[in-house]
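Colleague:
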Amino acid sequence: MNAEQKQEYTRKISKANRTGIIVITFEIALDYLKEAEGISSKEDPQGFRLALKHASKCVEQLRACLNYDYHISLLLFRLYNYSLEWIRRADYTLDASALEQPEKILKKLHDSFEEAQKEDTSPAMMSGVQEVYDGLTYNAKGTTNTSMFRP
Numbered sequence: 059m060n061a062e063q064k065q066e067y068t069r070k071i072s073k074a075n076r077t078g079i080i081v082i083t084f085e086i087a088l089d090y091l092k093e094a095e096g097i098s099s100k101e102d103p104q105g106f107r108l109a110l111k112h113a114s115k116c117v118e119q120l121r122a123c124l125n126y127d128y129h130i131s132l133l134l135f136r137l138y139n140y141s142l143e144w145i146r147r148a149d150y151t152l153d154a155s156a157l158e159q160p161e162k163i164l165k166k167l168h169d170s171f172e173e174a175q176k177e178d179t180s181p182a183m184m185s186g187v188q189e190v191y192d193g194l195t196y197n198a199k200g201t202t203n204t205s206m207f208r209p
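If you're matching positions, the sequence shown starts at 59 in the working numbering and goes up one per residue.
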């Protein structure tokens with residue numbers, strides 16, 4: 059994941075409520091899985107494994123945040139463990155095809171939580187965060203520069 063993507067996720071997180079943070083965590087995990095799929099595990103096994111490590115951390119975070127007062131948490135726990143098992147399998151075998159299962163599961167869960175987010179009217183988890191506005195400026199050579207403004 060490049061610096062620009064990380065910066066965008068940071069902005070999203072600063073404005074997100076509880077459900078929004080879960081959705082963003084799924085998005086980050088899916089991005090890392092796609093990144094791993096795009097890396098040749100034979101040519102760059104360290105890069106492949108690093109992307110899988112980051113994806114695993116996201117899934118582990120989702121699992122750690124479950125509220126076991128609700129029965130659905132037990133089902134989600136099993137799905138997260140199953141996904142982690144396949145991610146670890148890909149890591150051990152350096153086989154990106156093992157990522158199909160966790161990617162399918164996480165994508166479906168992402169979509170479900172995204173629907174739930176539409177009904178979540180709770181306030182953002184972070185308060186006192188400055189608004190950031192993106193803008194383009196043009197320099198003399200005709201190229202553009204991206205700028206961030208904080209009021």
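All C-beta atoms, glycine included, are put in the ideal place defined by N, C-alpha and C.
Please report the distance separating the alpha-carbon of residue 68 from that of residue 160.
Modeller: Going by the C-alpha atoms only, they are around 24 angstroms apart.
Colleague: Which of the three DSSP states is assigned to residue 172 in this structure?
Modeller: Here residue 172 sits in helix by DSSP.
Colleague: For residue 75, collect the residues of the same chain with a Cβ closer than 7 angstroms to its Cβ; drop the 5 residues on either side in sequence, then sort them by chain order.
Modeller: Excluding residues within five positions, the ones whose Cβ falls inside 7 angstroms are 178, 180, 181, 182, 183.
Colleague: On the DSSP letters alone, give me the boundaries of the alpha helix (DSSP H) that residue 181 sits inside.
Modeller: That residue, residue 181, is in no alpha helix (DSSP H); it is neither H nor E in DSSP.
Colleague: Does residue 63 come out as helix, strand or coil in the three-state DSSP assignment?
Modeller: Residue 63: helix per DSSP, three-state reduction.
Colleague: With the cut-off set at 8 angstroms, would you say residue 148 and residue 137 are in Cβ contact?
Modeller: Contact: no.
Colleague: What residues in its chain sit with their C-beta under 7 angstroms from that of residue 135, if we drop five residues either side in the sequence?
Modeller: 121, 124, listed in sequence order.
Colleague: Going by Cα to Cα distance, which pick from 64, 78, 109 is closest to residue 90?
Modeller: Closest option to residue 90, Cα to Cα, is 109.
Colleague: Here's the rule I'm using: 16 or more other beta-carbon atoms within 10 Å means buried, otherwise exposed. How should residue 133 be labelled?
Modeller: Its Cβ having fewer than 16 others within 10 Å, residue 133 is exposed.
Colleague: Taking the C-alpha atoms as reference points, what is the distance between residue 162 and residue 141?
Modeller: Cα to Cα, residue 162 sits roughly 9 angstroms from residue 141.
Colleague: With distances taken between CB atoms, is the gap from residue 165 to residue 88 smaller than 8 angstroms?
Modeller: Result yes, Cβ atoms of residue 165 and residue 88 sit closer than 8 angstroms.
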